[in-house]
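S.K.: In full-length UniProt numbering, the protein residues as written are 1 to 860.
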């Protein structure tokens, strides 16, 4: 009522003014086009798979951006489906032609085809139990043999004369039909066992046989090829650089093995050089840098200074050949692998001043950038990149990836970064954007090694920044792609002996997983990711995060369900989610992607082994050796120890430490670590309870014997339980004890600090600590002593902290940075007397310095 009165009063107070609105006619003579209503696309609509459903008569000048993005997505789905249909049609046509040529009817092989299709479907759909018996489904030999290339195409791979001598078309087809995985060892062995071998063949036919993409020869096959060439050509083998180069190149591609195997390969190289030296014919070829490169390459794999020096001296003194640019690159990599940094820089400097032919190329600079990453020298890395730009040496993807990774590693070190950690990471992202600008950040478009460099660099930058959302998206993309690729290769190439456990072992990368754990440990709800601070970074971050489907819906559509245990959210929002997901991923990686059960304890098998070892062994050392060997075997078969290493474990334990969860930290510590002295005590008690007291049974009463039997049973149970748990545990090292002491300081736990101090004292008496160099032992003791002082200062136990410093000043050189918290606390309570004594310890001069001061005073 009041409102109505107020309105009436206002209306009565306003004078009535009439407003006129005039409509002016338009000056345009043309008719205005009526506005058409824009239809919004239905994003939930099923992707189009039929050509009739796609209308190509669109006017691209109309419609919003979302509409046309949806239409482009439909076209891509249709194109993908069409390509798959064309591929299937080609395979069916090829299969039909092969069946006609082989004289096989379709009815005869229908059951085999259906059987193989069922096996593949069952394997891809994840049917069956998970375990060691779960095999990778592959096509049977009958089906793959039908799909292989017909016999008429063999002449394009091998000369007809060689095909006739092998006289086994089925073997040749199986070995060479698949261009991605050709088995040349089977061809060489079949040719070696033939009657004529390579006799009577022309040089062109032999070259066509050996140089037609031959790769992957074993050492035995290489020796067979050498014998056949020598038998066919005699001394003429030394007149062809191609034949000799082929043998050396195949030898250089071998992987190092046992000491005897490596020595045999090196001796074979030296023998070939002696054969060349013994031939005094004028027709023999001139030795070149290619053969020198093969020799240096295998010596680099062996990390042998002796062999490297021998080949360099041999080619220089005997053949007058100096290393070229490619040889120098191999030498640089050799010094880098052997951790000889100064030699790397010296060789790099020599390359720049030798000649234009020796001038460093992209590969050389990439090697030097790897060294900068190891040395954490970002200033030198940037100088090298600027030098490449000045000399117009084109950088590649690895160049930018190494630069980014170097800046990421330097940003994590507070001393190296000098308070500019975020600036270094921001510069690192600049190089990632260079990769994004010139190449694709897509694993499918990159080879495996390059993709690893790029993704590891991005994960390092994101992990040190604590960007959990971006890091976990990168890890998911990298791991799922590797798994799908390895699985596809196993289904095509393997003969059914490969399990999902092996596939996951190849797919789970420990370096990538450690970066993910580091990002978890640096998580903060109050910190904005560095990438989100500028447009290009926000776009890159958004595109990668939105491209990940943690639910695995796209994988299920393809028949592959990777099942990485990540929460189905793009961003984690609290510490509890971090702890739960990190624990799930830790178990997932240790269990080969869920193929093993970490909780299952082989305690019964361990008990039987220990009983047999105690009865068989005649000494404690022999018993200990057999037990540890059994533990190593058990670890290798039941746990993925490529991931379970000290670096990853420290990162895993750091997550609850930084997030402030004391209970979770203790649970993880107890579950995945053990102390060396505990193992020694358990094994010695078990051995002594059986071997030492066993002869005295006849001298004791029945009750005493029963007590002794009960004691043996208890010791056996304890040892079995402890040994079986060692399958997923690693021994506590200096890094673990330092981390525990940091936890005691953070949580203020005096009991944990005291226990750790005592356990670390026992660790110093073990062989693992005594095997370290004296300087390294002192450095480890210095770090741990500093942590003890920091703990006492945090507990306001200043007298105890100062006592530690006084007691260890003869062995540890205390600096002010090490005692700064104690000094600040003493100043706060105005204990100036103790401050002076503390500074006197810090500034105490050595005997040599005191003697120099005395000499200086006498001279004055």
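C-beta atoms are modelled at their ideal positions from N, C-alpha and C, and glycine is treated no differently.
Please classify residue 22 as buried or exposed, where buried requires at least 16 other C-beta atoms within 10 Å of its C-beta.
M.R.: Residue placement at residue 22 cannot be trusted, given a pLDDT of 42 that sits under 50; the coordinates are not used to answer.
S.K.: Any chance you could list the beta strand (DSSP E) runs of at least 3 consecutive residues sitting entirely within the stretch 787-858, in chain order?
M.R.: Complete beta strand (DSSP E) runs here, min 3: none at all.
S.K.: I need the DSSP call for residue 737, collapsed to helix, strand or coil.
M.R.: DSSP places residue 737 in helix when its eight states are reduced to three.
S.K.: Measuring straight from C-alpha to C-alpha, what distance separates residue 741 and residue 788?
M.R.: When rounded, the distance between both Cα atoms is 7 Å.
S.K.: Indicate the three-state DSSP secondary structure (helix, strand or coil) for residue 674 in the structure shown.
M.R.: Three-state result, residue 674: strand.
S.K.: By Cβ distance below 8 Å, which residues in the same chain neighbour residue 745 in space, the five residues on each side in sequence not counted?
M.R.: If we look at residue 745 and ignore the five residues flanking it on each side, its Cβ neighbours are 753, 787, 790, 791, 794.
S.K.: Would you mind reading off the limits of the alpha helix (DSSP H) that contains residue 642?
M.R.: Residue 642 -> no alpha helix (DSSP H), and no H or E assigned at all.
S.K.: Is it the case that the Cβ atoms of residue 683 and residue 627 are separated by a distance below 9 Å?
M.R.: Yes.
S.K.: Among 359, 453, 686, 681, which has the Cα closest to the Cα of residue 403?
M.R.: Here the closest residue by C-alpha is 453.
S.K.: Which residues in the same chain have their Cβ closer than 6 Å to the Cβ of residue 351, if we skip the five residues on either side of it in sequence?
M.R.: The residues are 328, 358, 360.
S.K.: Does the stretch 437-448 come within contact of the stretch 514-528, defined as at least 3 CB pairs closer than 8 Å?
M.R.: Judged by Cβ distances under 8 Å, the stretch 437-448 makes no contact with the stretch 514-528, as fewer than three pairs qualify.
S.K.: Go ahead and pull the three-state DSSP assignment for residue 48.
M.R.: Low confidence applies here, because residue 48 scores a pLDDT of 41, under 50, leaving its location unreliable; read the following figure in that light. DSSP places residue 48 in coil when its eight states are reduced to three.
S.K.: Is the beta carbon of residue 373 less than 9 Å from the beta carbon of residue 405?
M.R.: Yes, the pair counts as a contact, with Cβ atoms nearer than the cut-off.
S.K.: With burial defined as no fewer than 16 other Cβ atoms inside 10 Å of the residue's Cβ, what is the status of residue 447: buried or exposed?
M.R.: Counting Cβ neighbours within 10 Å, residue 447 comes out exposed, since fewer than 16 surround it.
S.K.: Is the beta carbon of residue 638 closer than 9 Å to that of residue 602?
M.R.: Result yes, Cβ atoms of residue 602 and residue 638 sit closer than 9 Å.
S.K.: From residue 470 to residue 461, what does the alpha carbon distance come to, in whole angstroms?
M.R.: One C-alpha to the other measures close to 10 Å.
S.K.: DSSP has residue 275 in a bridge; who is on the other side?
M.R.: In the DSSP output, where bridge partners are listed per residue, residue 275 has none listed.
S.K.: Contact defined as beta carbons within less than 8 Å: I believe residue 759 pairs with residue 675. What is the distance between those atoms, to the nearest angstrom?
M.R.: Right, their Cβ atoms sit about 6 Å apart.
S.K.: In three-state DSSP terms, what is residue 730?
M.R.: Correct three-state label for residue 730: strand.
S.K.: Hey, residue 247 and residue 219: beta-carbon distance below 9 Å or not?
M.R.: No, they are not a contact pair.
S.K.: Rounded to whole angstroms, what is the Cα-Cα separation between residue 338 and residue 539?
M.R.: Residue 338 and residue 539: Cα-Cα distance of roughly 41 Å.
S.K.: Would you tell me roughly how many angstroms separate the C-alpha atoms of residue 837 and residue 808, rounded to the nearest one?
M.R.: Each residue's Cα considered, the two are about 14 Å apart.
S.K.: Buried or exposed: where does residue 667 fall if 16 or more other Cβ atoms within 10 Å of its Cβ makes it buried?
M.R.: Label assigned to residue 667: exposed.
S.K.: Let me confirm a value: residue 482 is counted as buried when at least 16 other C-beta atoms fall within 10 Å, else exposed. Which label applies?
M.R.: Buried: at least 16 other Cβ atoms inside 10 Å.
S.K.: The alpha helix (DSSP H) spanning residue 306 covers which residue range?
M.R.: It spans 305-317 - the alpha helix (DSSP H) in which residue 306 sits, taken as one unbroken run.
S.K.: Would you check if the distance between the CB atom of residue 205 and the CB atom of residue 265 is smaller than 9 Å?
M.R.: Taking 9 Å as the Cβ cut-off, residue 205 and residue 265 do not qualify as a contacting pair.
S.K.: For the candidate residues 648, 729, 660, whose alpha-carbon lies nearest to that of residue 672?
M.R.: The candidate whose alpha carbon is nearest that of residue 672 is 729.
S.K.: What residue from 817, 314, 655, 799 has the CA that sits closest to residue 826's CA?
M.R.: Ranking the options by Cα distance to residue 826, first place goes to 799.
S.K.: Tell me, to the nearest whole angstrom, how far the beta carbon of residue 166 is from that of residue 176; I am working on the premise that it is less than 8 Å.
M.R.: With a Cβ gap of about 11 Å, residue 166 and residue 176 do not count as contacting.
S.K.: Can you tell me whether residue 283 is helix, strand or coil according to DSSP?
M.R.: Coil at residue 283, not helix or strand.
S.K.: What would DSSP say about residue 358, mapped onto helix, strand or coil?
M.R.: Here residue 358 sits in coil by DSSP.
S.K.: Suppose contacts are defined by Cβ-Cβ distances below 9 Å. Is residue 332 in contact with residue 344 by that definition?
M.R.: Closer than 9 Å, so yes.
S.K.: Where does residue 253 sit, in a helix, a strand or coil, going by DSSP?
M.R.: Correct three-state label for residue 253: coil.
S.K.: With DSSP collapsed to three states, give me the class of residue 505.
M.R.: Residue 505 falls in the helix class under three-state DSSP.
S.K.: Cutting at 7 Å between CB atoms, please list the residues of its own chain near residue 416, excluding the five before and the five after it.
M.R.: Answer for residue 416: 376, 410, listed in chain order.
S.K.: Out of curiosity, what's the CA-to-CA distance linking residue 618 and residue 731?
M.R.: About 27 Å.
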